[in-house]
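Counting with mature numbering (1 follows the signal peptide of the UniProt record, and there is no 0), you get residues -19 to -1, 1 to 289 for the letters of the sequence shown.
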Amino acid sequence: MKRLLLLVFSTSCFVNVLAQDYLPAEARIRNTVNYLAADKLKGRGTDEKGGRKAAAWVVKQFKKLGLQPANGSSYYQDFTFDRKEHHDIPSRNVIGYLDNGAPRTIIIGAHYDHIGTAHLFDGKYPEGQIHNGADDNASGVAGLLEFIRYFVNNGQKEQFNFLFIAFGGEEMGLQGSKYYIAHPLFPLEKVHFMLNMDMIGRYNAERGLGIGGYASAEEWPEVYKGVEQPGIKFFTDGAGKGPSDHHNFYISGVPVIFLHTGPHDDYHKPTDDADKVEAKEESDILKLAIQLINNSMKYKELHYVADK
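1. Per DSSP, I70 is paired with what?
2. With DSSP collapsed to three states, give me the class of S225.
3. Helix or strand or just coil, what does DSSP make of F148?
4. On a CA-only basis, which of I129, L176, Q110 is nearest K44? Give me that one, please.
5. Looking only at DSSP bridge pairs, what is N177 linked to?
6. Skipping 5 residues on each side, what residues in its chain have a beta carbon closer than 7 angstroms to that of Q210?
7. Does the beta-carbon distance from V133 to M175 come in below 7 angstroms?
8. Between Y231 and V237, what straight-line distance do the alpha-carbon atoms span, to the nearest angstrom?
9. What are the partner residues of H95, as DSSP defines its beta bridges?
10. D265 lies in the alpha helix (DSSP H); which residues open and close that run?
11. For D69, which residues in the same chain have their Cβ closer than 6 angstroms to its Cβ, ignoring the five residues on either side in sequence?
12. My understanding is that L79 touches F143, with C-beta atoms under 8 angstroms, so please give their C-beta distance in whole angstroms.
13. If you draw a straight line from the alpha carbon of V286 to that of N135, how long is it in whole angstroms?
14. Please state whether DSSP places V75 in a helix, a strand or coil.
15. Please return the same chain residues whose Cβ sits closer than 7 angstroms to the Cβ of M278, not counting the five positions on each side in sequence.
16. Could you tell me whether the Cβ atoms of D116 and R73 are closer together than 7 angstroms?
17. Could you compute how far the alpha carbon of W38 sits from the alpha carbon of Q110?
18. What ranges does the alpha helix (DSSP H) occupy inside the region 99 to 178, keeping only unbroken runs of at least 4 residues that lie completely in it?
19. I need the boundaries of the alpha helix (DSSP H) containing T13, first residue and last residue.
20. Cα-Cα, which of Y106, K30, D254, S55 is closest to V40?
21. When you compare each of A163, H173, F148 to L273 by their alpha carbons, which one comes out closest?
Shown next, in the form of structure tokens:
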């Protein structure tokens, strides 16, 4: 009997350890940010070598974590765009799919690009200097990968599919999400909601975590009830529109959630470096967001609310 109890206890502990391993983790977040915000990627600029290398690295992570390619046999969605006197600028979204055989899909996104060496910004930023973009938005990509790990490996088959998108060209006018909305890989009317992460690595305890899109679905107030995470306070903003990729989904009729830890003095400067990202706090923010996602899945459908 003692052996049986010991076996049950050991098995329970082992399962619990595995479950904990799939929760967002400080060390993995820091490793992701350290790689994407390293000088060797030179700020992940659009139409720069570092940006292309970052996209390829994200594809590698999607494969390792078990996502299917979403665009036929490819993880890429290539596009070009114009910006001022610059024409046919190439970029690409990186898209992976977790197919649960469900009728509706949750989209989780974060842009992987940044300013790079600023050669496409016509003097707006110091050209030739590396803008590493640790918070903006290596922190968001780190969150994206942590969500993938959790929903692939949590031992549950959710009643929703998941589409994970690392957007390109965000810093140049939300180009990746704009292109995706114009060329969706799955019907937009079948999207449960879109969660966007942009700058979630510099948590300020006085300000708290800002969560946008609170008024974009009728059900959000109920979904948010009881959601809390030790060490993280948050406030909500009703706006579905905003200066990041969720904006294009919202104006196209999709409910949204937008996670953002707020502005800081390193925003769009060469000083937005990896050592300033608060990885522990980010892991807790992601755990809070998982609660929101799980609560949202209690509803078969969310009802979009247009801007008044």
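Ideal Cβ positions, reconstructed from N, Cα and C, are used throughout, including at glycine.
This is what the structure gives:
1. F62
2. coil
3. Reduced to three states, the DSSP call for F148 is strand.
4. I129
5. G90, F239
6. D265, K268, L269
7. no
8. 6 angstroms
9. G26
10. 260 to 277
11. Only residues of its own chain outside the window of five on either side were considered, and among them T61 have a CB closer than 6 angstroms to the CB of D69, listed in chain order.
12. 4 angstroms
13. Rounded to the nearest angstrom, the two C-alpha atoms are 31 angstroms apart.
14. Of the three classes helix, strand and coil, the one that applies to V75 here is strand, per DSSP.
15. E139, Q140, F141
16. no
17. 23 angstroms
18. 120 to 134, 156 to 163
19. 7 to 17
20. S55
21. H173
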